[in-house]
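Line order of the protein sequences matches chains F and C.
Each residue of the first sequence is one higher than the one before, starting from 1 at the first, in the UniProt record's numbering.
Each residue of the second sequence is one higher than the one before, starting from 1 at the first, in the UniProt record's numbering.
Yeah, the Cβ is synthetic: ideal placement off N, Cα and C, and Gly gets one too.
Protein chains: 2
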Amino acid sequence: MKKDIEIARAIEKEKIVTIAKKMNLTPDDLELYGNYKAKITLEKHTESIEQGKMVLVTAINPTPAGEGKSTVSIGLADAMNASGYQTVVALREPSLGPTLGIKGGATGGGQAQIVPMEDINLHFTGDIHAISTANNALSALIDNHIYQGNELQIDPRRITWKRVVDLNDRALRHVVVGLGGPIQGVPREDGFDITVASEIMAILCLAKDLKDLKERISQIVIGYTYDKEPISVKDLKVEGVITALLKDAIKPNLVQTLEHTPAIVHGGPFANIAHGCNSIIATKIALQHADYVITEAGFGADLGAEKFLDIKVPQLEKAPDAIVIVATIRSLKMHGGVSLADLAKGENIPAIRDGFSNLAKHIDSLKAYHVPVIVSLNEFTTDTKSELEAVKEMCDKQAIPCVETSIWANGSKGGLELAKTVVDAIQTNTNDYTPLIPEGTSMQEKIALIAKNTYGATTIEYSAKALTQIKQYQELGWGELPICMAKTQYSLSDNPKLLGRPTDFAIHIREFVPKIGAGFIVALTGNVMTMPGLTKEPAALEIDIDENGNISGLF
Amino acid sequence: MKKDIEIARAIEKEKIVTIAKKMNLTPDDLELYGNYKAKITLEKHTESIEQGKMVLVTAINPTPAGEGKSTVSIGLADAMNASGYQTVVALREPSLGPTLGIKGGATGGGQAQIVPMEDINLHFTGDIHAISTANNALSALIDNHIYQGNELQIDPRRITWKRVVDLNDRALRHVVVGLGGPIQGVPREDGFDITVASEIMAILCLAKDLKDLKERISQIVIGYTYDKEPISVKDLKVEGVITALLKDAIKPNLVQTLEHTPAIVHGGPFANIAHGCNSIIATKIALQHADYVITEAGFGADLGAEKFLDIKVPQLEKAPDAIVIVATIRSLKMHGGVSLADLAKGENIPAIRDGFSNLAKHIDSLKAYHVPVIVSLNEFTTDTKSELEAVKEMCDKQAIPCVETSIWANGSKGGLELAKTVVDAIQTNTNDYTPLIPEGTSMQEKIALIAKNTYGATTIEYSAKALTQIKQYQELGWGELPICMAKTQYSLSDNPKLLGRPTDFAIHIREFVPKIGAGFIVALTGNVMTMPGLTKEPAALEIDIDENGNISGLF
Numbered sequence: 001m002k003k004d005i006e007i008a009r010a011i012e013k014e015k016i017v018t019i020a021k022k023m024n025l026t027p028d029d030l031e032l033y034g035n036y037k038a039k040i041t042l043e044k045h046t047e048s049i050e051q052g053k054m055v056l057v058t059a060i061n062p063t064p065a066g067e068g069k070s071t072v073s074i075g076l077a078d079a080m081n082a083s084g085y086q087t088v089v090a091l092r093e094p095s096l097g098p099t100l101g102i103k104g105g106a107t108g109g110g111q112a113q114i115v116p117m118e119d120i121n122l123h124f125t126g127d128i129h130a131i132s133t134a135n136n137a138l139s140a141l142i143d144n145h146i147y148q149g150n151e152l153q154i155d156p157r158r159i160t161w162k163r164v165v166d167l168n169d170r171a172l173r174h175v176v177v178g179l180g181g182p183i184q185g186v187p188r189e190d191g192f193d194i195t196v197a198s199e200i201m202a203i204l205c206l207a208k209d210l211k212d213l214k215e216r217i218s219q220i221v222i223g224y225t226y227d228k229e230p231i232s233v234k235d236l237k238v239e240g241v242i243t244a245l246l247k248d249a250i251k252p253n254l255v256q257t258l259e260h261t262p263a264i265v266h267g268g269p270f271a272n273i274a275h276g277c278n279s280i281i282a283t284k285i286a287l288q289h290a291d292y293v294i295t296e297a298g299f300g301a302d303l304g305a306e307k308f309l310d311i312k313v314p315q316l317e318k319a320p321d322a323i324v325i326v327a328t329i330r331s332l333k334m335h336g337g338v339s340l341a342d343l344a345k346g347e348n349i350p351a352i353r354d355g356f357s358n359l360a361k362h363i364d365s366l367k368a369y370h371v372p373v374i375v376s377l378n379e380f381t382t383d384t385k386s387e388l389e390a391v392k393e394m395c396d397k398q399a400i401p402c403v404e405t406s407i408w409a410n411g412s413k414g415g416l417e418l419a420k421t422v423v424d425a426i427q428t429n430t431n432d433y434t435p436l437i438p439e440g441t442s443m444q445e446k447i448a449l450i451a452k453n454t455y456g457a458t459t460i461e462y463s464a465k466a467l468t469q470i471k472q473y474q475e476l477g478w479g480e481l482p483i484c485m486a487k488t489q490y491s492l493s494d495n496p497k498l499l500g501r502p503t504d505f506a507i508h509i510r511e512f513v514p515k516i517g518a519g520f521i522v523a524l525t526g527n528v529m530t531m532p533g534l535t536k537e538p539a540a541l542e543i544d545i546d547e548n549g550n551i552s553g554l555f
Numbered sequence: 001m002k003k004d005i006e007i008a009r010a011i012e013k014e015k016i017v018t019i020a021k022k023m024n025l026t027p028d029d030l031e032l033y034g035n036y037k038a039k040i041t042l043e044k045h046t047e048s049i050e051q052g053k054m055v056l057v058t059a060i061n062p063t064p065a066g067e068g069k070s071t072v073s074i075g076l077a078d079a080m081n082a083s084g085y086q087t088v089v090a091l092r093e094p095s096l097g098p099t100l101g102i103k104g105g106a107t108g109g110g111q112a113q114i115v116p117m118e119d120i121n122l123h124f125t126g127d128i129h130a131i132s133t134a135n136n137a138l139s140a141l142i143d144n145h146i147y148q149g150n151e152l153q154i155d156p157r158r159i160t161w162k163r164v165v166d167l168n169d170r171a172l173r174h175v176v177v178g179l180g181g182p183i184q185g186v187p188r189e190d191g192f193d194i195t196v197a198s199e200i201m202a203i204l205c206l207a208k209d210l211k212d213l214k215e216r217i218s219q220i221v222i223g224y225t226y227d228k229e230p231i232s233v234k235d236l237k238v239e240g241v242i243t244a245l246l247k248d249a250i251k252p253n254l255v256q257t258l259e260h261t262p263a264i265v266h267g268g269p270f271a272n273i274a275h276g277c278n279s280i281i282a283t284k285i286a287l288q289h290a291d292y293v294i295t296e297a298g299f300g301a302d303l304g305a306e307k308f309l310d311i312k313v314p315q316l317e318k319a320p321d322a323i324v325i326v327a328t329i330r331s332l333k334m335h336g337g338v339s340l341a342d343l344a345k346g347e348n349i350p351a352i353r354d355g356f357s358n359l360a361k362h363i364d365s366l367k368a369y370h371v372p373v374i375v376s377l378n379e380f381t382t383d384t385k386s387e388l389e390a391v392k393e394m395c396d397k398q399a400i401p402c403v404e405t406s407i408w409a410n411g412s413k414g415g416l417e418l419a420k421t422v423v424d425a426i427q428t429n430t431n432d433y434t435p436l437i438p439e440g441t442s443m444q445e446k447i448a449l450i451a452k453n454t455y456g457a458t459t460i461e462y463s464a465k466a467l468t469q470i471k472q473y474q475e476l477g478w479g480e481l482p483i484c485m486a487k488t489q490y491s492l493s494d495n496p497k498l499l500g501r502p503t504d505f506a507i508h509i510r511e512f513v514p515k516i517g518a519g520f521i522v523a524l525t526g527n528v529m530t531m532p533g534l535t536k537e538p539a540a541l542e543i544d545i546d547e548n549g550n551i552s553g554l555f
């Protein structure tokens, strides 16, 4: 069996200027990064023109069996184009953390990939590095301010702004900086997040333009004074340099799929610890230059889709016209209690029926938004006909179309029926999108809506710290900001071990982190961490390069 | 008076493919980064073809008055081309540390700049970010190895591999990582260097090709076992992924000067804490595609030029055909005891005579290499005729040509006489380059040669730690590796306050750091630090960007 990277390398790519033409972008709209990557300039894209239709691809809670959400997003876009619908796919940029950690890449798989995959998976056009640098320049300027006399009276014990690195680096979660005596700085506790959790990543993904970017950066709260007053970037007067460091990162990147569909890949917040969607600027450009835009949000529908719908949509001012939920027989079985090793043991319809509860919950939650929902059942060669039929039947009972796809093996050909189903759903959609969270709800009401409606929790338990923060945030006028939940991706609950559809569980709100520039409050639940660690045998050990520059081990 | 960035923006750049043509590079040899930046592919540049002549530009010890070494390098290349000599300038890439710290940019000044200066000064083509990432991925893999059972028995107290960030961040010099309990890692002392001090930067600049890069990376020593045996990257088996992360960074970058001279800008180790030269690959490509190559080494001749001659030349297998030392009346006055504030007080020939001692020492040291030496006296409007004459006279006594240049104000026109003098010197050069350090000398002999001949020190004092390390390194077979001195740039001594030509001083060897992949041992002298700090009013505070993406405050 050919590896993804071998398939990707074997295909002749079209020049990126040719790809751009498919969405009516001229060479003047591009800044080339070699022949196959480009940034799209921000000029000309601010005016309001007619927008295309938008399809959000999401999934059940991820399992080690693999669901193939990016693969389906890419293959669906290819299938739409193959069916005569002008379509662009808009995705997030991979973080190096998981690329070197567990995943080995995030550019689809099999016959549905975006290319050049080595570049996209490694440094790409440098956006994430620019974000790391902007984030850490702010940290250096904060610590320097304190060292140089601390005019603003920043309390070193109350700095909430953390440093970042775009790697899975457990040892940096909790650190002490500024050690070594008076000429080395002021000692304080600090920690590193992974870059994709940085507020600057969130801001870049939510900003409308360069002006909005700078305005949001100026509003970032980095900590508190000794008098517990919040300190913003504008108090430090460094929003100019932080924004300047993002001058190129704010421009969306254009690449292509293996079937030469334009792919806009921009911004990459994780959906478990951040808001999980690609950038508003990229989505808007895609919508202005295509009849159909396929986009995805991170992890399962409880995380990425919820944040897409409740955080991104209000700012994008456009709701999806259809939502595709990706599931596989294998992953439904795991939600039904089968172990990864036992997946090979053949047909197991009872397990699928049990595991379907996870998919059913996501269907229910998404139906509440009044957007058409379609299940994409992503085939594996080991699936039996009865297994596939069982899932279709259960979807039928929920009045949801369930379409088999074989995109990984067959590319667009494996997604033609899904494309047709999606277009049909959009054309009959009555466009009565309804948000989950009404305006004017309190922090606790918002959390209750998400935890109960989306996760299916029975209760919400707040730590003493969280309760104090709620009071404090209300006094500071932050009480009505949207909530961005940070929760394990593996379960509907905040306990990664509870697969399927857990019932009778509480969501534990440990702590809040204000992201005032991004315009939301992060709620940390359970034991979720904003800096992943590496496994005993990380993907990094497999990655190699030969003397001609050919990379292996990315998949 | 126009700011550098205004001059740079006002000039119409040529397309980079047009620039490339001037050095017989076709579009196929390039990977474009927009219209005005490109990477040069590594294909076709490995075979030995006729090489051009090489001019090394260096300077006296830097003062706050400014010497203009990059400006002279760029302007000399422009003047060479204007005089009919096909010339390329090969420089280092700026680090964001000083750009946001004290310098605000490192792309020349006035009428002699490389462009696009905003891009080059900020993230450029991402090389330094790739190096930071490769460096820190190795750190994460080391800490993960220990956390996951520590099969190699790495002693956490004896890890010499530090993390890096390409910023001036004092608070990261000494840190404790791995805090927070058993699931967060193993606590240990650590520290961050600035990226340009990373061994990976040194390796990238010394590697011959991708294969050599990987081989050198595999030889990096990251620390010691509990039994005090060195641990290399190859023991961790991660040279593949570290090298893969550098797949683009190893390719030299092509930009242009304001007068459209090709400028290869690649690699950027500092000369005070690292080896201070641009990459061997870039220099070789330049030499293969130009009749003359102007290159520079960092800081004063005691640091950058010494390392260029003693570390880079043996690996490049080519010595410079001429050396230009840059000085200004203002900086000579400061070496003669005048304060920055008092520079405005007008003519002061006695101070210049005193300060000339600094220049004289560098002339002496460089003469010993048997390469023609030329002084470039870089004019300021405040210089008087008698002051300029005094310096010329003193150079005359040393039998060294001293040429006035007005490159900052006049571009190539201000460097035509320098160009002529350089070409004359090269044409009459007898090519009997003699290295300072004979083969087979011990660590202490090497240090003595550099400290006494280059710095003019009388004695060398070793700390107890350094003496122990010498013994240890001899046992490990590292005793004959070149020494890369880490020393303040401001003085010939290791005390930044001793300007001019200090006499009767000792060089204090505090500690060694083995850089086995780079192939040298760093000797830390005095109080030199491998992570700079920010000043009270860093350049970052001046940097801004408007809503159209125009950057200000880089100069």
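Asked	Found
With DSSP run on the structure shown, which of helix, strand or coil describes C/PRO230?	strand
Looking at the unbroken alpha helix (DSSP H) that takes in F/VAL238, where does it start and where does it end?	Note, F/VAL238: premise wrong, no alpha helix (DSSP H); not H, not E.
Establish whether the CB of F/HIS508 and some CB of chain C are separated by less than 9 Å.	no
Short check: CB of C/ALA409 to CB of C/GLN111, under 9 Å?	yes
Cα separation between C/GLU393 and C/TYR433?	27 Å
With distances taken from CA atoms, which of F/PRO94, F/LEU236, F/SER552 and F/VAL403 is nearest F/ALA106?	F/PRO94
Apply the 10 Å Cβ neighbour rule to F/GLU67 and answer buried if 16 or more other Cβ atoms are within range, or exposed otherwise.	buried
Suppose you measure from the CA of C/CYS395 to the CA of C/ILE470; what does that come to, to the nearest Å?	40 Å
Which residues, in chain order, does the stretch 179 to 192 of chain F contribute to contact with chain C at a C-beta distance below 7 Å?	LEU179, GLY180, GLN184 and GLY185
Can you tell me whether F/ILE521 is helix, strand or coil according to DSSP?	strand
Pick helix, strand or coil for F/ILE146, following the three-state DSSP scheme.	helix
Give me the Cβ distance between F/VAL89 and F/ILE294, rounded to the nearest whole Å; I'm assuming they're in contact under 8 Å.	5 Å
Would you say C/ARG173 faces chain F, with C-beta separation under 9 Å as the test?	yes
Suppose contacts are defined by Cβ-Cβ distances below 9 Å. Is C/LEU303 in contact with C/GLN489 by that definition?	yes
Determine, using beta-carbon pairs with one atom in the stretch 501 to 512 of chain C and one in the stretch 531 to 549 of chain C, whether at least three such pairs fall under 8 Å.	no
Going along chain C in order, which residues have a C-beta closer than 7 Å to the C-beta of F/GLN256?	What F/GLN256 touches in chain C: nothing, since even the nearest Cβ is about 17 Å away.
Counting C-beta neighbours from all protein chains within 10 Å, is the total for F/MET117 16 or more, i.e. buried, or is it exposed?	buried
Among C/ASN548, C/ALA448, C/VAL423 and C/PRO538, which has the Cα closest to the Cα of C/ILE323?	C/VAL423
Shorter than 9 Å from the beta carbon of F/SER95 to some beta carbon of chain C?	no
I need the DSSP call for F/ARG158, collapsed to helix, strand or coil.	strand
Whose C-alpha, out of F/ASN168, F/ARG188 and F/ARG170, is nearest the C-alpha of F/VAL176?	F/ARG188
How many angstroms separate the CA atom of F/TYR369 from the CA atom of F/LYS497?	28 Å
Drop a sphere of 10 angstroms on the beta-carbon of F/SER218, count the other beta-carbons inside from all chains shown, and report buried for 16 or more, exposed for fewer.	buried
Could you check whether the Cβ of F/LYS471 sits closer than 9 Å to any Cβ belonging to chain C?	no
Tell me the DSSP bridge mates of F/GLY97?	Its beta-bridge partners do not exist; DSSP assigns none.
Which stretch, first to last residue, makes up the beta strand (DSSP E) that contains C/ARG163?	163 to 165
Identify every residue that forms a DSSP beta bridge with C/HIS508.	C/GLU461
Taking the CB atoms as reference points, tell me whether C/HIS362 and C/THR63 lie closer together than 9 Å.	no
Does chain C have any CB closer than 9 Å to the CB of residue 579 of chain F?	Limits of chain F in this structure are 1 at one end and 555 at the other, which puts residue 579 of chain F out of reach.
Starting from C/ASN410, trace the alpha helix (DSSP H) both ways and give me its first and last residue.	407 to 410
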